[in-house]
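Okay, so the first sequence: first residue is 800 according to my numbering, each after it adds one.
C-beta atoms are modelled at their ideal positions from N, C-alpha and C, and glycine is treated no differently.
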Amino acid sequence: MKQKYRLTRSIDFKRVRRLGRSYAHPLAVIVIGDGEAKNPRIGIVATRSIGSAVHRNRVKRRLREIATQILPELQESKDLVIIAREPARDASFLEIRSAVIELLERAKIIVTNDHGTGRSAYSH
RNA sequence: CAGGCCAGCCAGAUGGUCGCGGCGUUGAUUUCAACGCCGAGGAAAGUCCGCACUCCACAGAGCACAUCGCCGGAUAACGUCCGGGGCGGGGAUUCCCCCUGGGGAAGAACCUGCCAGAUCGGGCCACAGAAACAUACCGCCAUUCCAAUGGCAAGGGUGAAAUGGUGGUGUAAGAGACCACCGGCGUCGUAGUAAUACGGCGGCCAGGCAACCCUCGAUGGGAGCAAGGCCAAGCAGGGACCAUGCCCGCCCUUUAGAGGGCGGCGGGAAGCGGCUCGUUUUCUUAUGAGUCCCGGGUAGGCUGCAUGAGCCGAAUGGCAACAUUCGGCCUAGAGAGAUGACCGUCAGUUUGAGAGCCGUGCCUCUGGCAUACCCUCUCAAGCAACAGAAUGCGGCUUAUCGGCUGGCCUGACUA
RNA sequence: GGGGGCGUGGUGUAGCGGCUAACAUGCGGCCCUGUCAAGGCCGAGAUCGCGGGUUCGAACCCCGUCGCUCCCG
Numbered sequence: 800m801k802q803k804y805r806l807t808r809s810i811d812f813k814r815v816r817r818l819g820r821s822y823a824h825p826l827a828v829i830v831i832g833d834g835e836a837k838n839p840r841i842g843i844v845a846t847r848s849i850g851s852a853v854h855r856n857r858v859k860r861r862l863r864e865i866a867t868q869i870l871p872e873l874q875e876s877k878d879l880v881i882i883a884r885e886p887a888r889d890a891s892f893l894e895i896r897s898a899v900i901e902l903l904e905r906a907k908i909i910v911t912n913d914h915g916t917g918r919s920a921y922s923h
């Protein structure tokens with residue numbers, strides 16, 4: 800993921816989490832707020848409750864992969880924070896991706912036809 | 001062939017599509033694109049030790065404190081490693097006993113725990129016991145009156161531990177009082193670099209705990225890569241504390257008084273995160289310097305930062321740890337933190353089913369039927385670990401599905 | 001990066017190396033009461049986180065390890 804699409808600053812995380820709307824799922828929570836940049840930015844959180852460094856990094860890598868796939872469908876000037884929850888450690892990639900897509904549809908950020916199969920964002 | 005053990009190595013391979021980090025080249029020129037190369041571990045982990053490196057002064061002295069402690073060696077250093085010593089523990093297996101489940105003895109290869117000093121001194125040793133470090137309860141013997149006094153420590157009893165044990169000589173009774181053997185201690189000799197072992201001689205010398213204080217010896221200055229260096233950007237100040245000498249020398253101004261500058265002594269503050277010494281920097285009557293506190297601003301870039309006590313191979317020296325020499329190689333450098341997703345193919349491993357081979361058994365015997373383990377093949381299902389560098393390195397400890405190679409020992413069988 | 005503390009019945013805590021590990025609360029039974037609470041009596045409940053060592057003897061001392069927690073930067 801390119802640097803301009805990343806949300807890194809601690810103050811940005813705090814602003815999005817305080818002012819944004821949140822959507823929850825057993826595997827992840829997504830918080831969406833208005834962004835300050837012209838393009839959408841995505842930040843990823845994996846807390847220590849996920850597990851050791853190996854598990855945290857794997858969850859973050861998978862969420863980054865998902866974020867890269869959904870990035871072109873996002874509206875401009877939105878900041879997203881994706882927070883992984885504990886069951887995401889043992890979930891498969893497809894399960895995590897359907898969870899994220901479902902949350903984004905509930906947030907009316909993106910619209911897909913066949914969510915659940917998890918193929919729309921991957922087909923090209 | 002079965003079992004036990006040790007050392008070293010590997011940590012699925014390969015192809016395709018999309019994606020990530022670094023370096024180089026080229027093209028665009030603040031963030032981009034294309035191509036090529038490279039891109040986690042044996043523990044990267046825990047952070048339990050030791051170093052390098054950087055700053056504090058060039059790393060100094062003493063005290064305090066902390067750590068270590070059989071002997072010799074290795075190393076940059078270590079609490080690590082190697083070799084040896086002493087005391088203990090474990091071990092496949094073999095033998096014996098009761099008897100079919102245990103008990104006892106021996107015990108290969110090998111693994112493993114501990115190790116300065118108890119005549120400097122202090123402290124502690126519950127309960128029991130007369131007594132726990134200084135003694136005599138029941139006792140024994142003599143004098144003798146039943147008691148008392150004196151001698152003794154063999155036997156009994158308590159305990160984890162009570163002047164070493166067994167046998168004899170000896171005696172009123174006894175005792176290392178004496179003798180033999182064993183154990184301990186001291187000393188001498190031999191072997192060994194040494195710890196220590198063996199032997200001779202002396203002679204019985206008064207418990208244990210220093211993982212209690214302590215003594216002796218050795219080591220350790222403090223802080224840490226957010227160390228440290230360079231650059232850019234940005235802001236607003238306020239308060240408190242503080243020594244300043246009728247000192248000395250030189251120079252300048254000046255009629256003189258006096259004033260100024262530099263240096264020394266004295267004094268203040270800080271470096272100096274335990275204290276003292278020592279030492280360095282700075283200030284010392286100036287609208288100054290320093291220290292501390294509150295407040296304000298910035299959380300950006302480059303460097304340190306990847307050629308190293310480096311890795312691989314060989315030779316030589318050494319029992320070994322390791323060292324030396326020669327040749328070859330370059331092997332991650334992120335900064336919220338780079339390895340992921342999907343599809344194939346081939347392997348690994350466990351279980352189940354089927355088939356085959358060998359052997360065995362049966363029969364109606366050029367053949368047929370049945371069949372345990374191992375091995376081979378096919379199919380299906382499952383498993384595929386522990387775990388992610390953040391300045392680097394040497395160890396220790398812990399987690400870990402499995403696989404490969406080499407070696408040692410014991411037992412059985414065959415020749 | 002640096003430093004400290006804790007782990008003992010279900011829970012919260014005591015515990016100078018020496019008894020059968022103590023106390024409160026909770027739990028179970030009985031008494032009391034018309035009933036409940038309070039109160040009284042009795043009882044169960046502990047691998048002292050785990051593994052080694054020192055010692056005659058370890059919850060306590062030493063080493064290692066696991067987990068939790070706090071402080072400084």
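Residue 855 is not a Cβ neighbour of residue 804, given a cutoff of 7 angstroms.
Beta-bridge partners of residue 877 (DSSP): 833.
Beta-bridge pairing by DSSP links residue 842 to 880. In this structure residue 889 is exposed. Its beta-carbon is surrounded by fewer than 16 other beta-carbon atoms within 10 angstroms. Under the three-state reduction of DSSP, residue 891 is assigned to coil, being neither helix nor strand. For residue 823, the uninterrupted beta strand (DSSP E) segment begins and ends at 820 to 823.
The beta carbons of residue 881 and residue 843 sit about 5 angstroms from each other, so the pair counts as a contact at 8 angstroms.
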